[in-house]
Amino acid sequence: MQKRGREEERERSEAKTGHRLVGARSGSEMKVMVAVKRVVDYAVKIRVKPDKSGVETSNVKMSMNPFCEIALEEALRIREAGTAAEVVAVSVGPAQCVDTLRTALAMGADRAIHVDAGAAPVLPLSVAKILKALVQVEQPGLLILGKQAIDDDCNQTGQMIAGLLRWPQGTFASKVVLDKEKQVATVEREVDGGIETLSLDLPAVITTDLRLNQPRYATLPNIMKAKSKVIKKVTPAELNVELKPDLEVVQVAEPPKRKAGVIVSSVDELIHKLKNEARIL
Amino acid sequence: MAAVAMLKRCLLRNRRPFSALSPSPPSSASPPIRGSLSRFVSTLVLAEHEGGLVKQSSLSAIAAAAVVNKEKSVTVLLGGSGLALRKAASHAASCHPSVSQVLVADADILVHPLAETWAELVNFVQHQGNYSHIITTSNSFGKNVLPRAAALLDVSPVTDVVEIAEPHLFIRPIYAGNALCTVRYAGKGPCMMTIRSTSFTLPSCSTETKSVEAPISQVDLSTFDEGSVPKSRWLKLVSQESERPDLGNARVVVTGGRGLKSAENFKLLEKLAEKLGAAVGATRAAVDAGFVPNDLQVGQTGKIVAPELYMAFGVSGAIQHLAGMRDSKVIVAINKDADAPIFQVADYGLVADLFEVIPELIEKLPDKK
Numbered sequence: 001m002q003k004r005g006r007e008e009e010r011e012r013s014e015a016k017t018g019h020r021l022v023g024a025r026s027g028s029e030m031k032v033m034v035a036v037k038r039v040v041d042y043a044v045k046i047r048v049k050p051d052k053s054g055v056e057t058s059n060v061k062m063s064m065n066p067f068c069e070i071a072l073e074e075a076l077r078i079r080e081a082g083t084a085a086e087v088v089a090v091s092v093g094p095a096q097c098v099d100t101l102r103t104a105l106a107m108g109a110d111r112a113i114h115v116d117a118g119a120a121p122v123l124p125l126s127v128a129k130i131l132k133a134l135v136q137v138e139q140p141g142l143l144i145l146g147k148q149a150i151d152d153d154c155n156q157t158g159q160m161i162a163g164l165l166r167w168p169q170g171t172f173a174s175k176v177v178l179d180k181e182k183q184v185a186t187v188e189r190e191v192d193g194g195i196e197t198l199s200l201d202l203p204a205v206i207t208t209d210l211r212l213n214q215p216r217y218a219t220l221p222n223i224m225k226a227k228s229k230v231i232k233k234v235t236p237a238e239l240n241v242e243l244k245p246d247l248e249v250v251q252v253a254e255p256p257k258r259k260a261g262v263i264v265s266s267v268d269e270l271i272h273k274l275k276n277e278a279r280i281l
Numbered sequence: 001m002a003a004v005a006m007l008k009r010c011l012l013r014n015r016r017p018f019s020a021l022s023p024s025p026p027s028s029a030s031p032p033i034r035g036s037l038s039r040f041v042s043t044l045v046l047a048e049h050e051g052g053l054v055k056q057s058s059l060s061a062i063a064a065a066a067v068v069n070k071e072k073s074v075t076v077l078l079g080g081s082g083l084a085l086r087k088a089a090s091h092a093a094s095c096h097p098s099v100s101q102v103l104v105a106d107a108d109i110l111v112h113p114l115a116e117t118w119a120e121l122v123n124f125v126q127h128q129g130n131y132s133h134i135i136t137t138s139n140s141f142g143k144n145v146l147p148r149a150a151a152l153l154d155v156s157p158v159t160d161v162v163e164i165a166e167p168h169l170f171i172r173p174i175y176a177g178n179a180l181c182t183v184r185y186a187g188k189g190p191c192m193m194t195i196r197s198t199s200f201t202l203p204s205c206s207t208e209t210k211s212v213e214a215p216i217s218q219v220d221l222s223t224f225d226e227g228s229v230p231k232s233r234w235l236k237l238v239s240q241e242s243e244r245p246d247l248g249n250a251r252v253v254v255t256g257g258r259g260l261k262s263a264e265n266f267k268l269l270e271k272l273a274e275k276l277g278a279a280v281g282a283t284r285a286a287v288d289a290g291f292v293p294n295d296l297q298v299g300q301t302g303k304i305v306a307p308e309l310y311m312a313f314g315v316s317g318a319i320q321h322l323a324g325m326r327d328s329k330v331i332v333a334i335n336k337d338a339d340a341p342i343f344q345v346a347d348y349g350l351v352a353d354l355f356e357v358i359p360e361l362i363e364k365l366p367d368k369k
């Protein structure tokens with residue numbers, strides 16, 4: 001309890017003094033911030049609501065977005081390699097995001113920040129603005145996000161926050177090498193034609209692709225330990241961020257169903273069907 | 001008061017759409033100024049080029065721009081340097097009837113697709129041209145650059161648009177394509193989007209010629225400041241050389257999953273692909289196991305394909321894979337497991353051992369024309 005009080009106090013003083021920490025926190029004292037999102041579990045077959053207002057999310061299994069797990073794992077590895085001193089996990093959304101942050105803490109994040117934005121979905125631009133505000137408070141040397149959330153499939157937030165901060169970006173990363181001395185990150189990116197390599201000056205934003213790493217599981221002792229770690233709560237208003245809904249969801253519908261197919265019994269029949277029925281060969 | 005004056009100056013500046021652009025002779029015809037500029041739909045397409053041609057995927061973005069833009073005033077923006085850029089510009093000028101202007105940003109810093117530079121370029125060009133829409137392709141280039149540019153312009157972009165219902169009403173897939181979301185852009189800035197290229201294909205667009213070529217103008221980069229010190233550097237691109245057609249535009253795609261068991265066995269699939277003139281794709285399991293490089297992955301997080309024929313060998317059909325191929329015209333699945341989910345989307349299914357089926361197919365299929 002006392003420890004928690006001390007940490008909160010430290011955070012408050014950090015928030016006030018702002019860039020006093022820039023110098024002190026560079027190099028080995030670098031802080032890594034990771035954004036994590038709570039989404040419908042990747043294995044769930046989603047259902048569209050009958051009134052077409054959205055996708056059913058009540059009584060559905062929710063988990064941390066898989067790309068966010070990879071982002072967090074990478075941050076933890078950077079800390080374990082001695083390049084960073086602290087990993088801070090951030091989540092924007094309703095009260096239940098705290099569960100996702102607990103998972104992050106159980107995996108090994110040092111502390112967490114929950115930006116309580118209420119139940120309505122928040123657009124990537126607003127998330128980026130919130131993260132920008134937090135970056136200005138926390139002064140991390142590196143910001144790691146997943147490349148996309150598997151619910152909205154936007155693939156925007158990392159790029160947008162990099163733009164707002166005018167930091168360099170290494171998106172769709174499959175390998176990240178940090179050079180503490182030179183303050184650069186070498187990032188291998190998964191692009192359409194193959195693998196592209198970039199060198200970015202820190203501070204930078206990195207978004208993770210699937211092949212960056214294999215996230216660890218939280219062990220039971222770490223899950224217990226996570227319960228005593230700090231989750232700070234703030235609101236967008238406290239960060240002076242106005243949520244801007246410039247995109248309206250008009251409706252959410254089911255995609256057209258494919259007509260039932262047939263099971264053929266041999267290669268000959270398959271070729272025959274492709275030639276004469278589908279007329280494709 | 002000062003703020004109002006500044007706003008007025010901004011508006012005035014924006015009312016002269018092409019002021020900072022110097023048209024290169026002989027194409028000096030600048031677009032006529034319309035009566036009501038506020039209702040004027042003018043679309044900027046951010047395009048990529050390769051080997052002196054606008055990339056096929058960018059031609060899809062131009063096709064999408066033509067859907068938004070009934071007034072045939074699509075501006076294509078190309079960046080790079082040298083002869084390759086000039087050749088691509090003349091291709092862009094004649095590739096589609098809706099293209100009314102080609103903008104060329106000639107600078108060495110634009111040769112490599114660095115998001116930092118390109119996003120600033122889009123921002124720069126938008127402030128001069130005041131476009132109502134900015135469109136690019138939802139590939140690794142577009143997804144990297146456009147959201148960053150949108151943040152600079154304080155706009156929420158729309159990812160992976162599959163249908164344009166109205167100039168501000170779009171349909172896009174969410175939840176790995178298991179739902180289609182209709183969104184309306186209600187913001188004040190330009191409407192920015194990446195489009196799914198398989199949803200905006202043009203038959204023989206690349207060979208289509210216009211009687212009158214669109215004028216080509218240089219973007220005046222003398223005041224372009226992409227950040228005084230570059231914060232990112234392009235080091236290299238390692239790509240797999242392949243004789244196969246491009247996965248994104250192939251007419252036929254053959255895909256292997258975990259069932260192929262080894263990289264060696266993928267060679268068998270390549271032989272079949274050769275016979276069919278097909279591109280080879282893979283599932284995440286096959287890529288993770290190291291059978292094939294990552295750029296062959298088809299799915300929610302890999303490439304989205306919609307060929308005429310998609311043949312899946314040893315693919316179970318996870319939600320994430322189906323997201324990348326469910327719009328294929330004809331789907332064929334070959335799997336030992338009769339309960340594999342892939343059979344629920346397949347038009348033709350064959351429950352059999354792929355190691356027997358593939359050689360038989362290679363033997364019995366007619367040669368490609």
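Quick mapping for you: the protein sequence lines, in order, are chains A and B. If you count by UniProt numbering, then the first sequence holds residues 1 to 281, one letter each, in order. If you count by UniProt numbering, then the second sequence holds residues 1 to 369, one letter each, in order. A virtual CB, placed ideally from N, CA and C, is assigned to each residue, including glycine.
Express the C-alpha separation of A279(B) and V176(A) in angstroms, rounding to a whole number. 30 Å
Along the chain, where does the beta strand (DSSP E) containing M224(A) start, and where does it finish? Looking at the DSSP string, M224(A) is not in any beta strand (DSSP E); the run it does join, the alpha helix (DSSP H), is L220 to A226.
Would you say I174(B) lies against chain A (beta-carbon separation less than 8 Å)? yes
What three-state label does DSSP hand S58(B) in the structure shown? helix
When the cut-off is 8 Å and only beta carbons count, does W234(B) lie next to chain A? yes
Does the beta carbon of A92(B) sit closer than 8 Å to a beta carbon anywhere in chain A? no
CB-CB length for D212(A) against I70(A), believed under 8 Å: The sequence given here has Leu at residue 212(A), not Asp. Between L212(A) and I70(A) the beta-carbon gap is near 5 Å, inside 8 Å, which marks them as a contact.
So, at 7 Å on beta carbons, what are the nonlocal neighbours of G27(A) in its own chain, with the 5 sequence-adjacent residues on each side left out? Here the model assigns G27(A) a pLDDT of 45, short of 50, so the residue's position is not dependable and the matter cannot be decided.
Whose Cβ in chain B lies nearer than 7 Å to the Cβ of G193(A)? Per Cβ cutoff of 7 Å: L237, S239 and D295.
Cα-Cα separation, A149(B) to C154(A): 15 Å
Determine the direct distance from the alpha carbon of T186(A) to that of K132(A), and round the result to whole angstroms. Cα to Cα, the separation comes out at about 23 Å.
Can you give the Cα-Cα distance for A66(B) and D154(B), rounded to whole angstroms? 25 Å
Between the C-alpha atoms of I144(A) and P66(A), what's the straight-line distance to the nearest angstrom? 13 Å
Under a Cβ-count criterion, where at least 16 other Cβ atoms within 10 Å of its own Cβ denotes burial, should L274(A) be classed as buried or exposed? Answer is buried; the Cβ neighbour count reaches 16.
So V298(B) and G259(B) are in contact, right, with Cβ under 8 Å, and what is the actual spacing, rounded? Contact annotation, V298(B) with G259(B): C-beta distance approximately 15 Å; criterion of less than 8 Å not satisfied.
Please report the distance separating the alpha-carbon of Q320(B) from that of R38(A). 18 Å
What ranges does the beta strand (DSSP E) occupy inside the stretch 103-152 of chain B, keeping only unbroken runs of at least 3 residues that lie completely in it? 133-137
Sort out for me which residues DSSP pairs N236(B) with in a bridge. The amino acid at residue 236(B) is misidentified as Asn; the sequence shows Lys. K236(B) pairs with T197(A).
Kindly list the residues whose CB is nearer than 6 Å to the CB of E48(B), restricted to its own chain and excluding five residues on each side of it in sequence; keep chain order. Within the same chain, K55, S58 and F141 come within 6 Å of E48(B) by CB-CB distance, once the 5 residues on both sides are set aside.
Which of helix, strand or coil does DSSP assign to N59(A)? coil
Determine, for Q136(A), whether the minimum Cβ-Cβ distance to residues of chain B falls below 8 Å. no
Beta carbon of A89(A) nearer than 8 Å to that of A104(A): yes
Taking the continuous beta strand (DSSP E) assigned at D179(A), which residues delimit it? Q169 to D179
Beta bridge counterpart(s) of S100(B) as assigned by DSSP: Beta-bridge pairing links S100(B) to no other residue.
Less than 8 Å between the CB atoms is what I'm expecting for L110(B) and G79(B), so what's the real figure, rounded? Contact flag correct, Cβ pair sits at about 4 Å.
Would F313(B) pass as a contact of F291(B) if the rule is Cβ separation under 8 Å? no
Residues bridged to Y310(B) [DSSP beta-bridge criterion]: Its beta-bridge partners are V253(B) and I331(B).
How many angstroms separate the CA atom of L202(B) from the CA atom of A306(B)? 14 Å
So, are the CB atoms of V34(A) and L361(B) less than 8 Å apart? no
Since G118(A) meets chain B, which of its residues come closer than 8 Å, beta carbon to beta carbon? Simply none; closest approach about 18 Å.
I think L44(B) touches L77(B), with their Cβ atoms under 8 Å apart; what is that distance to the nearest whole Å? So it is a contact: roughly 6 Å between Cβ atoms.
Kindly list the residues whose CB is nearer than 6 Å to the CB of M64(A), restricted to its own chain and excluding five residues on each side of it in sequence; keep chain order. V36, T100 and T103
Sorted by chain position, which residues of the same chain lie with C-beta nearer than 6 Å to V102(B)'s C-beta, five sequence neighbours on each side aside? V76, A89, A92, A93, A214 and I216
Quick check on P147(B) - is its C-beta less than 8 Å from some C-beta in chain A? yes
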